[in-house]
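**Student:**
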Amino acid sequence: MPAVPYSRSLTAREVIDGVVTKVLGRFLILVGAAIVLFLGAVFVHGTVDAVSGSAARPARVSPASRTLAHGRRIFRFDTFGDQSFWGGALQLHRAIAGKKNGGVGPGVSPKTALSVGLKVDATRIPKRVAAAIKAGKVNLNDPKVTLSLLKLNAVVGVRGFFRGNRLTSMGLTCAVCHSTVDNSFARGIGRRRDGWPNRDLNVGAIISLAPNKKPLTDLLRVDEPTLNKVLASWGPGKFDAELFLDGKGFRPDGKSAAALIPAAFGLGGANLHTYTGWGSVPYWNAFVANLEMHGIGNFSDERLNNPNQFPVAARAGFAHVHHRRDLITSKLAALHLYQLWLPVPHSRHFNRAAARRGKAIFDGKGRCASCHMPPTFTDSGWNLHAGQQICIDNFQSSRSPTFRYRTTPLRGFVAKRKGGFYHDGRYPTLQAVVDHYDSCFRLGLSAREKSDLVQYLLGR
Ligand code: HEC
Ligand code: HEC
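Structure follows, in structure tokens:
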């Protein structure tokens with residue numbers, strides 16, 4: 000909630016000035032101008048925000064905090080008009096509602112929604128309803144309850160659009176992939192944790208519910224069973240942003256081509272973003288909002304006009320997307336600011352003495368800091384490397400115009416416990432990552448040095 004803008008507190012003062020002049024005369028104004036201002040704010044606005052905004056602090060809300068609040072609203076709630084795709088084209092809302100509620104099929108119950116990793120913002124649930132859920136009086140197998148949650152705007156990153164009680168469309172926001180909840184109410188239900196990657200979210204399973212997959216099969220020029228096979232291969236916590244550019248569903252070794260959903264926090268000070276360094280945060284935000292979420296906006300990237308590397312993008316004209324009404328570009332600045340502001344979570348559960356020893360290895364013998372430079376933990380400058388430099392294949396890097404891997408900023412591992420490490424989660428544990436570097440760089444680390452390094456990483 001932004002606090003009260005300057006102009007409104009002026010009005011408050013004018014109103015109160017008038018009333019007080021009539022009733023109490025000038026005396027009170029002279030003696031208690033400050034008190035009057037304070038009461039005026041409470042009286043007219045009736046909120047704590049009003050008090051802190053116009054009396055306790057200087058009347059003006061800083062432009063930065065207003066932009067930040069705007070950015071948070073965009074990150075959490077803005078679909079950029081993408082309901083025309085998820086609802087309008089794919090008809091996904093009808094699969095959610097189910098036949099009984101005017102849609103198709105069995106519908107998506109809250110239980111099913113939670114099982115594919117969707118999260119519920121407990122702060123949007125009225126107390127009475129929360130008590131009923133706790134008491135087991137709400138049927139979590141009923142899609143109708145999902146509709147109520149959508150109507151309360153309580154499903155993180157999913158927006159329902161209603162006519163009366165009928166779900167007429169739905170859209171997605173950044174938060175569906177880049178937020179989780181703290182599970183404080185129940186598993187999958189709690190307070191929002193923006194920026195944490197949702198490593199439970201099965202994006203492929205959700206998209207495959209769509210009653211009309213024709214827009215996707217047309218785009219990729221594949222049949223529906225092929226599309227379904229690709230979507231089923233992603234699994235929880237993964238999404239393949241490049242599929243809709245190059246049409247590659249699988250790696251040469253037959254494994255899924257999808258990448259782990261990354262954190263949206265801890266990106267300040269880093270040059271290039273995404274696992275393969277597509278561009279800056281505002282670049283990628285525009286990319287995702289236009290090309291992946293299918294919001295309505297403008298986007299340009301000449302690099303996508305390459306039919307050899309990006310056959311799907313080239314024929315779909317993704318290099319230049321133009322809409323007369325642009326619901327995206329004006330939001331990029333606030334969205335950027337919000338992402339830079341997102342706090343990095345730190346674990347308290349690690350061995351501090353071991354971590355101190357691990358830091359020395361990270362900065363010295365392990366050579367880690369030559370790329371992961373503290374405090375951003377990515378290279379200061381051009382933060383890209385060929386697969387050979389870290390002893391991995393170049394499949395994913397070759398799907399990017401940079402043909403490189405970006406040095407991952409090593410921060411907030413407490414939020415990345417699931418799904419493994421490296422872009423595709425190929426290393427199940429940090430220990431496995433360290434073992435990999437030990438053999439790649441021929442470091443000759445002892446078992447204790449390796450575990451010290453892991454403790455250091457856990458504390459980042
Ligand atoms: C369907 C899930 C999904 C949605 C929705 C989504 N993202 Fe992402 N995001 C991803 C994945 C997967 C990647 C990694 C892409 C890659 O490297 O190929 C990513 C990468 C990013 C990155 C780069 C992170 C880094 O480490 O450099 C940022 C920043 C980001 N997303 C922000 C956003 C914002 C802002 C939105 C809303 C406009 C958004 N994302 C919507 C899944 C999603
Ligand atoms: C030559 C540059 C370079 C050096 C040196 C380097 N890294 Fe990396 N690191 C990278 C790149 C690039 C990635 C991204 C790989 C990917 O996503 O496939 C990465 C990824 C990681 C990850 C995975 C992060 C995640 O969330 O998936 C960890 C952990 C890591 N490095 C730790 C280390 C440690 C520990 C060392 C020292 C032993 C080290 N790195 C040395 C470039 C480097």
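Numbering (numbering that gives the first Met the number 0), first residue to last: 0 to 459. In this text, a Cβ means the ideal position worked out from N, Cα and C, and glycines have one as well.
(1) Is it the case that the Cβ atoms of P196 and P281 are separated by a distance below 8 Å?
(2) Which residues bound the beta strand (DSSP E) around S399?
(3) Go through the region 232-280 residue by residue and report every complete run of the beta strand (DSSP E) that reaches 3 residues or more, in order.
(4) Taking only heavy atoms of ligand 1 into account, decide whether any of them is closer than 7 Å to the Cβ of I391.
(5) What I want to know is whether the C-beta of Y274 ends up closer than 7 Å to one or more non-hydrogen atoms of ligand 1.
(6) Does the beta-carbon of C439 have 16 or more other beta-carbons within 10 angstroms, so that it is buried, or is it exposed?
(7) What does the alpha-carbon distance come out to for the pair R314 and N304?
(8) Could you name the residues that DSSP lists as bridge partners for V157?
(9) Let's see if you can read the secondary structure: which residues bound the beta strand (DSSP E) around V180?
(10) Per DSSP, which residues does Y404 bridge with? Please list them.
(11) DSSP on Y282, reduced to helix/strand/coil?
(12) Leaving out five residues on either side along the sequence, give the residues of the same chain with a beta carbon under 6 Å from the beta carbon of N201.
(13) Looking only at its chain, what residues have a beta carbon closer than 7 Å to the beta carbon of Y455, apart from the 5 residues adjacent to it on each side?
(14) Report yes if the C-beta of T407 is less than 7 Å from at least one heavy atom of ligand 2; otherwise report no.
(15) If you check the beta carbons only, do F309 and D245 fall under 8 Å apart?
(16) Should the region 181-198 be called in touch with the region 207-219, which here means at least 3 C-beta pairs below 8 Å?
(17) According to DSSP, is A209 helix, strand or coil?
(18) From I132 to S279, what does the alpha carbon distance come to, in whole angstroms?
(19) Could you give the residue range of the beta strand (DSSP E) that holds D193?
(20) Take the Cβ of P142 as the centre, count every other Cβ of all protein chains shown within 10 Å, and call the residue buried at 16 or more, exposed below.
(21) For V329, count the other beta carbons within 10 Å of its own beta carbon; 16 or more makes it buried, fewer makes it exposed. Which is it?
(22) Does DSSP put D362 in a helix, a strand or coil?
(23) Measuring straight from C-alpha to C-alpha, what distance separates P210 and K110?
(24) Where does A185 sit, in a helix, a strand or coil, going by DSSP?
(25) Give the DSSP-derived three-state secondary structure of R165 in the structure shown.
(26) Can you give me the C-alpha to C-alpha distance between G443 and D437, rounded to a whole angstrom?
(27) Three-state secondary structure (DSSP) at F412?
(28) Suppose the cutoff is 7 Å on Cβ atoms and the five residues either side in sequence are ignored; what does the same chain contact list for V413 look like?
(29) Would DSSP call S299 helix, strand or coil?
(30) If you draw a straight line from the C-alpha of V137 to the C-alpha of V144, how long is it?
(31) Residues in the same chain with beta-carbon distance under 7 Å from R403, minus the five sequence neighbours each way, listed in chain order, please.
(32) Rounded to whole angstroms, what is the Cα-Cα separation between T91 and T122?
(33) Is L452 close to ligand 2? I mean its beta-carbon at under 7 Å from any heavy atom of the ligand.
(34) Below 7 Å CB to CB, which residues in the same chain sit around T46 once its five sequence neighbours on both sides are set aside?
(35) Give the DSSP-derived three-state secondary structure of Y337 in the structure shown.
(36) Is it true that the CB of T377 sits closer than 8 Å to the CB of T406?
**Tutor:** Here's the rundown:
(1) No; because the gap between Cβ atoms is not below 8 Å, this pair is not in contact.
(2) Counting along the chain, S399 falls outside any beta strand (DSSP E), and DSSP gives it neither H nor E.
(3) List check, beta strand (DSSP E) in window: nothing returned.
(4) Not so, every heavy atom of ligand 1 lies at least 7 Å from the Cβ.
(5) Under cutoff, so the answer is yes.
(6) So C439 counts as exposed.
(7) So the alpha carbons of these two residues sit roughly 8 Å apart.
(8) Under DSSP, V157 takes part in a beta bridge, and its partners are L171.
(9) For V180, the uninterrupted beta strand (DSSP E) segment begins and ends at S178 to V180.
(10) Answer is H384.
(11) Correct three-state label for Y282: helix.
(12) Same-chain partners within the cutoff: V115, G116 and P235.
(13) Once the five neighbours on either side are set aside, the close Cβ partners of Y455 are A354, G357, K358 and F361.
(14) A distance criterion of 7 Å places the beta-carbon of T407 in contact range of ligand 2, judged by its closest non-hydrogen atom.
(15) Contact flag set, yes.
(16) The region 181-198 is not in contact with the region 207-219.
(17) Of the three classes helix, strand and coil, the one that applies to A209 here is coil, per DSSP.
(18) If I take the Cα positions, the gap works out to 43 Å.
(19) DSSP places D193 in the uninterrupted beta strand (DSSP E) bounded by R191 to D193.
(20) Around the beta-carbon of P142, 16 or more other beta-carbon atoms lie within 10 Å, marking it buried.
(21) Note on residue identity: the sequence assigns Ser, not Val, to residue 329. When all chains shown are included, S329 counts as exposed.
(22) Reduced to three states, the DSSP call for D362 is helix.
(23) Each residue's alpha carbon lies about 20 Å from the other.
(24) Three-state result, A185: strand.
(25) Strand, per DSSP.
(26) Their backbone Cα atoms lie some 6 Å apart in a straight line.
(27) Reduced to three states, the DSSP call for F412 is helix.
(28) The answer, listed in chain order, is P344, H345 and S346.
(29) In the structure shown, S299 sits in a strand (DSSP, three-state: E or B).
(30) Put simply, the backbone Cα of V137 is about 8 Å away from that of V144.
(31) Cβ neighbours of R403 beyond the five flanking positions: T275, G276, L383, H384, A385 and S396.
(32) Correcting the residue type first, residue 91 is Leu in the shown sequence and not Thr. For L91 and T122, the distance between alpha carbons rounds to 26 Å.
(33) Yes, the Cβ of L452 comes within 7 Å of a heavy atom of ligand 2.
(34) Bear in mind that a pLDDT of 36 at T46, under 50, signals an unreliable position, so the model cannot answer this.
(35) If DSSP states are grouped into helix, strand and coil, Y337 belongs with the helices.
(36) Yes.
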